[in-house]
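Structure, as structure tokens:
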Amino acid sequence: MTNDAHEPDTASLRPNGPFSDADLPIDANGRIYHLQLKPEQIAPDILLVGDPGRAEFIGSYLLREVEVAREHRGLITVTGTAEITGGRTTVISPLRTTVATSGMGTPSLEIVLNELVALHEIDFATRTRRKDFPPLTVIRVGTSGALQADMPLGTSIVTSYAVGMDNTGLFYEAPCPDSTCERLERELESAVRAAMPPASRFHGRIRPYVSRSDPAVAQAMMQASADLGLRARLGLTVSNSGFFAPQGRDVSRLAPSVPELDRVLADFDPSLGGQRIENMEMEASFLCHLLGGLGHRAGVICPAVANRRSETFDHDYLDAVEQATRAALLAMTEIRRQDRKHG
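Going by my numbering, the first residue of the sequence shown is number 1, and it counts up by one from there.
Listed below in structure tokens is the structure:
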């Protein structure tokens with residue numbers, strides 16, 4: 001991973017409020033609109049999952065002393081204390097953790113992330129942004145489809161850079177965190193354009209953006225995976241706007257705009273010391289784009305439950321997701337320990 005970071009100037013970010021009720025709906029009980037939570041009910045360390053059932057499972061089996069367990073509009077949030085043991089390591093200290101569902105895709109994630117950030121940054125009494133707040137650490141634990149033929153099912157893929165094939169990120173002017181993102185955006189746009197039929201109605205209109213996982217979070221997850229004895233690989237992740245044609249699944253009677261998109265991306269060489277585009281899912285790009293731009297920390301770990309090259313699917317993937325969750329929790333604990341160590 002490169003270190004030529006263009007760190008966001010978080011001091012200049014705007015606006016700071018006060019925010020109207022139309023822009024930031026807060027009900028009479030002091031709860032934010034979609035998540036129905038109060039600021040004190042979330043932790044600064046957050047696990048994001050897509051499946052509500054997964055959030056309930058993590059809350060039941062990996063958290064103790066549960067403070068909050070709330071469901072609203074299909075969005076489940078659980079806050080409690082995580083204690084992880086296993087493999088060759090034991091968690092250093094209990095970690096107050098929030099587990100939240102994001103739904104499927106970047107549009108739903110955009111709502112959940114903005115409300116989590118608001119709960120963390122904004123004083124609900126004055127509707128203004130607090131002057132000081134620690135960085136959030138948010139890790140997505142999900143499932144993904146592997147793009148490389150040599151990727152065994154069940155392998156946890158830790159995201160280094162995320163390629164956004166959605167358009168949600170285009171509505172937020174987050175700067176590129178480094179020159180690698182800038183280069184990859186240019187090269188990927190050319191690769192996608194070349195793969196589209198010249199007569200395509202949308203030729204030249206699909207322009208990927210690239211975001212970066214927080215390097216310390218990615219490194220901590222790789223180390224945690226090793227400590228737990230998990231098979232893990234670091235690489236690039238593509239986030240698509242849907243599951244079928246946007247991921248190269250040609251099952252509709254309408255032709256895809258980018259034929260065999262999965263193969264196009266699998267064959268792309270990012271020129272990053274042997275890293276490859278390893279997997280596809282639907283959320284990593286915006287997670288890293290928004291949180292990185294705000295100066296918070298984001299990371300992604302997703303087991304491969306399908307392999308697009310071998311055309312296989314693992315229907316019994318829950319154990320792999322549970323182990324990836326343990327790695328994410330252990331990584332967050334180590335990051336928090338380092339924060340305390342360095343003041």
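The beta carbon of each residue, even a glycine, is placed where N, CA and C say it ideally should be. As the structure is a prediction and not an experimental result, all values here were calculated from the model.
Residue i versus residue j: straight-line alpha-carbon distance, rounded
i	j	result
A146	G30	43 angstroms
A194	E182	19 angstroms
S271	R336	32 angstroms
Q346	R263	No answer is possible for residue 346: the residues shown for the chain start at 1 and end at 343.
Q223	F124	38 angstroms
L116	I42	8 angstroms
Y172	P107	13 angstroms
C288	A162	7 angstroms
D314	R130	45 angstroms
D316	G235	24 angstroms
D132	E67	25 angstroms
P18	T128	5 angstroms
R14	G293	12 angstroms
P246	I26	35 angstroms
R249	E311	11 angstroms
Presumed contact (8 angstroms Cβ cut-off) between residue i and residue j, rounded CB distance
i	j	result
V192	P175	With 8 angstroms as the limit, V192 and P175 do not qualify as a contact, their Cβ atoms being about 22 angstroms apart.
A304	M151	5 angstroms
S241	D166	4 angstroms
A284	S239	5 angstroms
V158	M104	Not confirmed; about 21 angstroms, so no contact.
G59	V99	6 angstroms
F286	E110	6 angstroms
R231	S156	7 angstroms
A118	L24	6 angstroms
Option in the options with minimal Cα separation from residue i
i	options	result
V78	A328, T101, E115	T101
R96	S211, F313, E65	E65
P94	D45, R73, R129	D45
I206	V217, P215, A216, S190	S190
R186	R127, V112, E40, D269	D269
G80	V158, E56, A232, L290	E56
S200	F286, L254, G292, I76	L254
L75	T168, D27, V49	V49
M280	L265, G292, L291, G274	L265
G229	I277, G292, F202, A324	A324
N16	L136, N307, T126	T126
F244	L136, V210, L153, M282	M282
L62	A82, P39, H72, L290	A82
Coil, strand or helix - residue i by DSSP
i	result
N114	helix
E278	strand
R233	strand
L330	helix
C176	coil
P197	coil
F313	strand
A191	helix
L35	coil
S156	strand
I206	coil
S344	There is no way to answer for residue 344, as the model of the chain reaches only from 1 to 343.
R130	coil
A224	helix
With three or more beta-carbon pairs closer than 8 angstroms as the criterion, would you say the segment 249-261 touches the segment 195-204?
yes
Determine, using beta-carbon pairs with one atom in the segment 131-147 and one in the segment 293-304, whether at least three such pairs fall under 8 angstroms.
yes
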